[in-house]
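Chains as they are written, first to last, in the working numbering: chain E, 9 to 387; chain X, 10 to 67.
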């Protein structure tokens with residue numbers, strides 16, 4: 009067995025190097041050989057911002073910290089007073105992306121007393137293979153498209169499930185209102201808790217403002233719960249400021265490969281492990297089926313489209329009716345969760361009266377496309 | 010994040026929680042440790058920042 013020693017490999021008819029052989033033993037391909045099928049290498053879900061079950065492209069301005077917006081993505085304000093809207097949009101996107109998320113400051117906070125970010129929490133199961141929690145050193149590469157009306161230094165934070173360890177990477181937005189592609193490579197960490205089954209494995213935060221309590225030094229693992237550095241642009245302090253993001257990918261190794269394109273049904277199914285939203289397709293959309301167990305009470309079931317991450321909670325907005333077999337609809341006056349599992353949600357709905365015990369009963373939207381039934385097993 | 014919470018009990022003794030977030034949304038939550046809403050509520054209870062009202066008698 010012999011060894012060929014060279015720095016580059018180049019096709020005789022090519023004007024540039026095809027494969028560069030690096031001194032550290034790695035190789036850089038001029039064109040990453042991406043096969044016809046997905047390698048499932050992106051650990052981020054909904055990185056192309058296409059799934060928006062809750063709001064379907066409408067703008068929302070959450071007030072509660074950790075409110076989920078587009079599927080997989082939550083806002084963080086750590087109880088600060090600043091607010092920003094979140095909207096899946098199609099008009100401002102980089103080439104080859106149909107969607108991006110657009111954030112706009114609606115209530116500025118220039119106090120520097122809180123921290124703001126746009127966050128994804130990766131489930132422990134999905135971190136397998138990245139190398140976190142093991143002593144053999146490895147790298148991950150985070151790539152994304154970003155655009156903002158405010159230029160300067162921004163931070164990306166990676167934290168373990170207990171936020172005991174943090175790694176802050178700085179990146180620059182060089183030109184206002186232009187898309188820029190960013191690549192960040194960081195080493196994995198043996199310490200910390202990462203691979204914890206169906207619980208939070210990793211926090212990924214795009215910082216939008218930070219206070220000194222959550223600031224540290226970039227470029228190395230730090231013990232503590234940090235989101236940014238003192239160089240972080242206080243984006244949240246600028247009323248009307250915008251921040252757009254799409255094409256977010258986290259993968260093993262230190263090479264940025266092209267954004268992984270999963271088929272829409274695949275991406276939706278992945279998202280529905282964490283959230284399923286009913287309503288919006290029909291004025292009297294059927295949500296659940298069961299039976300009345302009294303004149304004002306019914307027990308109902310939803311067979312969930314995916315096994316959810318955990319036994320889910322649910323919330324509703326808008327109005328619903330209980331439709332008893334052979335009877336007219338009765339306005340729902342209350343809900344409670346009942347026997348629920350990761351596959352089937354059983355709940356109880358109540359109304360003033362009018363049901364017949366033992367009769368088949370449905371919960372439906374009440375003449376509205378705005379009625380929503382949201383089942384959540386988010387991280 | 011959570012501004013009030015109340016236990017619910019069904020006729021077979023199953024206990025669940027109905028809670029209200031600061032944005033006014035009402036959530037129906039199982040007593041399941043992997044459920045993030047349940048985790049967050051119990052954290053607030055442990056910190057003395059939230060009390061869960063008892064279920065009404067059946």
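No residue lacks a Cβ here, since even glycine has one placed at the ideal position from N, Cα and C. This one's a predicted model, so the numbers in the text were calculated from it and none came from an experiment.
Any C-beta of chain E under 8 Å from that of residue i
| i | result |
| --- | --- |
| residue 27 (chain X) | yes |
| residue 39 (chain X) | yes |
| residue 43 (chain X) | yes |
| residue 65 (chain X) | no |
| residue 23 (chain X) | yes |
| residue 58 (chain X) | no |
| residue 51 (chain X) | no |
| residue 35 (chain X) | yes |
| residue 32 (chain X) | yes |
Option in the options with minimal Cα separation from residue i
| i | options | result |
| --- | --- | --- |
| residue 35 (chain X) | E:34, E:322, E:370 | E:322 |
| residue 236 (chain E) | E:193, E:380, E:223, E:244 | E:223 |
| residue 316 (chain E) | E:12, E:277, E:23 | E:277 |
| residue 104 (chain E) | E:56, E:114, E:85, E:359 | E:56 |
| residue 230 (chain E) | E:175, E:130, E:161, E:29 | E:175 |
| residue 258 (chain E) | E:208, E:308, E:166, E:182 | E:166 |
| residue 380 (chain E) | E:295, E:164, E:228, E:330 | E:295 |
| residue 234 (chain E) | E:14, E:219, E:359 | E:219 |
| residue 329 (chain E) | E:206, E:293, E:226 | E:293 |
| residue 202 (chain E) | E:189, E:193, E:172 | E:172 |
| residue 52 (chain E) | E:344, E:185, E:256, E:25 | E:256 |
| residue 64 (chain X) | X:18, X:42, X:30 | X:18 |
| residue 384 (chain E) | E:12, E:232, E:279, E:339 | E:279 |
| residue 362 (chain E) | E:302, E:228, E:164 | E:302 |
CB contact below 8 Å: residue i versus chain X
| i | result |
| --- | --- |
| residue 131 (chain E) | no |
| residue 117 (chain E) | no |
| residue 399 (chain E) | No answer is possible for residue 399 (chain E): the residues shown for chain E start at 9 and end at 387. |
| residue 54 (chain E) | no |
| residue 145 (chain E) | no |
| residue 221 (chain E) | no |
| residue 11 (chain E) | no |
| residue 73 (chain E) | yes |
| residue 304 (chain E) | no |
| residue 345 (chain E) | yes |
| residue 111 (chain E) | no |
| residue 321 (chain E) | yes |
| residue 386 (chain E) | yes |
| residue 296 (chain E) | no |
| residue 206 (chain E) | yes |
| residue 318 (chain E) | yes |
| residue 45 (chain E) | For residue 45 (chain E), the predicted model reports a pLDDT of 38, less than 50, meaning its position is unreliable and no value from the coordinates is stated. |
| residue 102 (chain E) | no |
Opposing strand residues paired with residue i [DSSP bridges]
| i | result |
| --- | --- |
| residue 250 (chain E) | E:112 |
| residue 163 (chain E) | E:178 |
| residue 202 (chain E) | None; residue 202 (chain E) has no bridge partner. |
| residue 51 (chain X) | Paired residue(s): none; residue 51 (chain X) is not in a bridge. |
| residue 213 (chain E) | E:127, E:165 |
| residue 173 (chain E) | E:231 |
Other residues of its chain near residue i: CB distance less than 8 Å, five sequence neighbours each side excluded
| i | result |
| --- | --- |
| residue 52 (chain X) | none |
| residue 204 (chain E) | 132, 169 |
| residue 243 (chain E) | 113, 124, 156, 158, 162, 216, 217, 249, 251 |
| residue 378 (chain E) | 287, 288, 325, 326 |
| residue 348 (chain E) | 319, 320, 354, 355 |
| residue 43 (chain E) | Reliability of the predicted coordinates at residue 43 (chain E) is poor, the pLDDT of 44 falling under 50, and no value is obtained from them. |
| residue 100 (chain E) | 108, 110, 155, 252 |
| residue 25 (chain E) | 16, 17, 18, 38 |
6 Å CB neighbourhood of residue i in its chain, flanking five on each side removed
| i | result |
| --- | --- |
| residue 264 (chain E) | 149, 151, 191 |
| residue 39 (chain X) | 25 |
| residue 102 (chain E) | 153, 187 |
| residue 129 (chain E) | 208, 211, 387 |
| residue 37 (chain X) | 27 |
| residue 193 (chain E) | 147, 149, 262 |
Own chain, CB closer than 7 Å to residue i, minus 5 neighbours either side, in chain order
| i | result |
| --- | --- |
| residue 386 (chain E) | 76, 282, 283 |
| residue 298 (chain E) | 306, 307, 308, 309, 369 |
| residue 239 (chain E) | 161, 178 |
| residue 241 (chain E) | 158, 160, 161, 162 |
| residue 206 (chain E) | 131, 132, 133, 317, 318 |
| residue 246 (chain E) | 113, 116, 158 |
Any non-hydrogen atom of the ligand COA within 7 Å of residue i CB
| i | result |
| --- | --- |
| residue 228 (chain E) | The ligand content of the structure shown is nil, which means the ligand COA is not present either. |
| task | Spell out a yes or no on whether the segment 335-355 of chain E and the segment 302-320 of chain E are touching, meaning 3 or more CB-CB pairs, one atom from each, closer than 8 Å. | result | yes
| said: Check whether the segment 123-141 of chain E and the segment 184-204 of chain E touch, using three or more Cβ-Cβ pairs below 8 Å as the test. | reply: yes
| field | Touch test, the segment 75-82 of chain E against the segment 278-291 of chain E, Cβ-Cβ under 8 Å, three pairs minimum | value | yes
| request: Could you tell me whether the segment 47-54 of chain E touches the segment 89-97 of chain E, using the rule of 3 or more Cβ pairs below 8 Å? | output: no
| task | Could you tell me whether the segment 54-71 of chain E touches the segment 24-37 of chain E, where touching means 3 or more Cβ pairs closer than 8 Å? | result | no
| Do the segment 116-123 of chain E and the segment 204-223 of chain E meet, that is, are 3 or more Cβ pairs less than 8 Å apart? | Because the criterion of three Cβ pairs below 8 Å is met, the segment 116-123 of chain E and the segment 204-223 of chain E touch.
| said: So if I threshold CB-CB distances at 8 Å, which residues from the segment 328-359 of chain E count as touching chain B? | reply: Protein chains E and X are contained in the structure displayed, whereas chain B is not.
| request: Assess, as a yes-or-no matter, whether the segment 63-77 of chain E is touched by the segment 12-25 of chain E under the definition of 3 or more beta carbon pairs within less than 8 Å. | output: no
| field | Cβ pair count under 8 Å reaching 3, the segment 327-335 of chain E against the segment 58-66 of chain X | value | no
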